[in-house]
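Here the structure is laid out as structure tokens; the discussion comes afterwards.
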Amino acid sequence: MNYSTSILNLLLLIVFLASCTSKTQTEVQIKNIDVATAHQLLNQDKNMVVLDVRTPEEFAAGHIEGAVNINIQDKNFPKKVGELDKTKSYIVHCAANVENGRSDKSLEIMTSSGFNSLMSMEGGFAAWQQDGRSVVEDE
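See the structure below:
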């Protein structure tokens, strides 16, 4: 066997082994959407769910109508999120959606829990309010 044949065989082996490795998790693309897009999606798609990851106190003071509140600071957050329907699409937000904030942490947990359709609402609840969108307050 000559040198070039050995190199070719080695390359083929590497390609074969690389194609045989299995990913334990599919790469999930999290879309960043603005408030207008979130509002439009909520009006068009009844499978769309707003997940508000703020504290219950923040949620009670004002939230998007129909939103589900699961507090990211709750130690049972992964378990509670895991009980949600993974076939639905989720718009996740916290107060302001700052980088590496509560929404980002929530999205990481949801991604690792098998959710496939995830969106992050830019600016969070503050942006929703600033855009003049309707807000529900608990009494």
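Under UniProt numbering, the first residue of the sequence shown is numbered 1, with each subsequent residue one higher.
Note that beta-carbon positions come from the ideal geometry of N, C-alpha and C, so glycine has one too.
Between residue i and residue j, which are expected to be in contact by the criterion C-beta below 8 Å, what is the C-beta distance as a whole number of angstroms?
i    : j   : result
L118 : V92 : 6 Å
M121 : A38 : 5 Å
V49  : Y90 : 5 Å
Considering only the alpha carbon of each residue, which of the options lies closest to residue i?
i    : options              : result
S113 : F77, E122, C94       : F77
D131 : L51, V28, A36, I30   : A36
R54  : K105, E83, Q40, I33  : K105
A67  : K75, K46, N100, D34  : K46
F125 : K79, L51, L84, Q73   : L51
V28  : A96, A61, F115, F59  : F115
R133 : L41, E139, I64       : I64
W128 : G101, E83, A95       : A95
D74  : E139, R102, V136     : R102
N100 : V135, V136, I72, A61 : I72
N32  : G62, K86, L107       : L107
E139 : G62, N43, L84        : G62
On the three-state DSSP scale, how would you describe residue i?
i   : result
Q25 : Low confidence applies to Q25: its pLDDT is 43, below 50, so where it sits in the model is not reliable enough to give any reading.
With a floor of 4 residues, list each alpha helix (DSSP H) that falls wholly inside the UniProt domain "Rhodanese" (44-137), ordered by position along the chain. 56-61, 77-82, 102-112, 124-130
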